[in-house]
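Numbering (our numbering), first residue to last: 3 to 145.
Listed below in structure tokens is the structure:
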């Protein structure tokens, strides 16, 4: 029976949780497994490492340290932006998501952390940065 290895295209059902059990994402809920090719860097390193040597229909739970997930939050991704730089129609609120475009057209997702009189503080870190993660995995298919 074949086992997952580098460069395989696999279909996987997963449920991602924080260490306190709070679910943040689940392919099971959506009803569709994710499909990706191992080794292309599409997913966090710990997720791919956890799949190596699994067989079709095998289930397991893996713990992924923040270093193998989204890393530590980076201070340089937290910035203060003058409100004058925001489009007029935007009324910033804490927790609101914004998208910033760099001059080369790359998009970056930001979350408003603080609203001041003349500026806002935005955070470009991944929402799961700094967190250890737990994934329940099930290999559905290996191509």
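Built from N, CA and C at the ideal position, the CB exists for glycine as well.
Only a predicted model underlies this, so the values are computations on that prediction, with no experimental measurement involved.
- Task: Report the rounded CA-to-CA distance for residue 114 versus residue 15, giving the unit in angstroms.
- Result: Numbered from its first residue, the chain shown carries residue 114 at position 112. Numbered from its first residue, the chain shown carries residue 15 at position 13. Approximately 32 Å between the Cα atoms of the pair.
- Reference residue 18; option with closest CA among 65, 131, 53 and 102: Mapped onto the chain shown, residue 18 falls at position 16. That would be 65, whose Cα lies nearest to the Cα of residue 18.
- Item | Boundaries of the alpha helix (DSSP H) in which residue 51 is found, first to last residue | The residue labelled residue 51 in the question sits at position 49 within the chain shown. First-last of the alpha helix (DSSP H) with residue 51: 47-53.
- Query: Should residue 110 go down as buried or exposed, given a rule of 16 or more other Cβ atoms within 10 Å for buried?
  - Reply: If you number the chain shown from 1, residue 110 lands on position 108. Residue 110 comes out exposed.
- Query: So what does DSSP say about residue 109, is it helix, strand or coil?
  - Reply: Counting from 1 along the chain shown, the entry for residue 109 is found at position 107. The answer is strand: DSSP assigns residue 109 an E or B state.
- Nearest neighbour of residue 102, chosen from 76, 35, 43 and 126 [CA to CA]: The sequence position of residue 102 within the chain shown is 100, counting from 1. When only C-alpha atoms are compared, the closest one is 126.
- Message: Just to confirm my understanding: we take residue 83, look at its own chain, exclude 5 residues before and 5 after, and list those with CB closer than 7 Å. What are they?
- Response: Residue 83 sits at position 81 when you count from the first residue of the chain shown. Excluding residues within five positions, the ones whose Cβ falls inside 7 Å are 121, 122 and 124.
- Item | Cβ shell of residue 132 (< 7 Å), same chain only, five flanking positions each side left out | For the purposes of this step, residue 132 is taken as the residue at position 130 of the chain shown. Answer for residue 132: 68, 74 and 75, listed in chain order.
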